[in-house]
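Be aware that the sequence shown starts at 0, since it is given in numbering that gives the first Met the number 0, and climbs by one per residue.
Glycine included, every Cβ here is placed at the ideal spot set by N, Cα and C.
Source: prediction; values computed, not measured.
Structure first, then comments.
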Amino acid sequence: MIVSSRILMLRISLLLLSVVSINVFAVTEAVDIYSDQQLISLIRSNQYLQRVKADDCQLVQDIEARAEVLQQPMYQFLWGEMLNNGVCVKAHPSRGMALLQTAAEQGSPEAMVKLADYYYRGKLVVKDPNRAVQYVLPAAANGDLTAKMILVRLFGQGYGSPADYELGYHWLYNSIFDDDAQQKKASSLLQMLAAKMPASIVARAQQPQLYTR
């Protein structure tokens with residue numbers, strides 16, 4: 000009877016152990032590293048830091064390696080933002096901003112836009128909207144729609160060089176928009192900038208091809 004009881008207890012213990020093992024495996028199931036396209040989508044929807052946290056910070060070492068060793072711009076952006084905001088790691092803004100700068104120098108429009116945002120809002124750096132223009136201008140020139148929207152907003156608020164207003168207006172006016180809401184926002188920004196420009200310059204900037212003297 001005692002032996003039977005011990006066998007029963009052993010079976011129960013093994014069953015409980017198997018259940019716990021299954022639950023632990025389910026919680027710690029490996030997460031695949033993000034593709035560049037996934038990261039772009041997460042960045043544009045401002046969900047990139049939430050995604051890292053939702054994945055239980057499992058990819059921290061992979062993200063760091065791809066940013067620091069492989070020097071991939073999208074991962075420099077992500078790792079920099081994790082350091083700037085203290086997500087899954089101890090906050091280290093000086094290193095985070097340096098990574099964003101490096102990504103921007105490699106041509107990442109996402110990094111250019113983020114740096115422009117930091118300087119426009121004065122977060123982690125001294126507020127300097129004119130420097131924000133300097134960061135976002137190359138991204139706008141390369142066709143990034145978010146950058147073009149920000150650039151025209153900055154120009155409309157009086158920042159940057161008036162000599163560049165026509166070019167910024169031209170880029171946004173001739174853009175293709177994702178939806179009506181985005182188009183209406185762009186129209187509002189263009190109207191604000193147009194008020195700072197002669198009518199003849201506005202008309203010229205609206206042409207499909209910009210011919211300046």
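Find out if the Cβ-Cβ distance for the pair residue i, residue j is shorter than 8 Å.
i: V132; j: L153; result: yes
i: V201; j: L171; result: no
i: V112; j: A146; result: yes
i: L149; j: A115; result: Note that residue 149 is Ile in the sequence shown, not Leu. Cβ atoms of I149 and A115: closer than 8 Å.
i: C87; j: M81; result: yes
i: P108; j: D54; result: no
i: I42; j: L58; result: no
In terms of alpha-carbon separation, which member of the options lies closest to residue i?
i: Y118; options: L99, S107, Q190, K195; result: L99
i: T101; options: Q71, H91, L82; result: Q71
i: L192; options: Y210, G159, P207, F176; result: G159
i: L189; options: D177, S199, Q205; result: Q205
i: N173; options: L209, A180, A198; result: L209
i: S186; options: E67, P207, G155; result: G155
i: C56; options: V68, D35, V30, A64; result: V30
i: D127; options: A180, G157, R65, K52; result: G157
i: A162; options: G85, R120, M196; result: M196
Any idea if residue i is buried or exposed, counting beta-carbon neighbours within 10 angstroms, 16 or more meaning buried?
i: N129; result: exposed
i: A90; result: exposed
i: L38; result: buried
i: A103; result: buried
i: A198; result: exposed
i: F24; result: Residue placement at F24 is flagged as unreliable, the pLDDT there being 41, under the threshold of 50; the coordinate-derived value follows with that caveat. Under this definition F24 is an exposed residue.
i: V51; result: buried
Closer than 6 Å by C-beta to residue i: which residues in its own chain qualify, once you throw out the five before and the five after it? Chain order, please.
i: D35; result: M73
i: Q214; result: Beyond the ends of the chain as shown, which are 0 and 212, falls residue 214; an answer cannot be given.
i: R94; result: L82
i: R65; result: Q71, Y74
i: Q182; result: F176
i: A110; result: F76, L99, A102, A103
i: D178; result: none
Note down, in chain order, each residue of its chain lying with its Cβ closer than 8 Å to the Cβ of residue i, except the 5 sequence neighbours on either side.
i: P92; result: L82, N83, L123
i: P207; result: N173
query: Should the stretch 135-145 be called in touch with the stretch 161-172, which here means at least 3 C-beta pairs below 8 Å?
result: yes
Touching by the beta-carbon criterion (3+ pairs, under 8 Å), the stretch 42-51 and the stretch 70-80: yes
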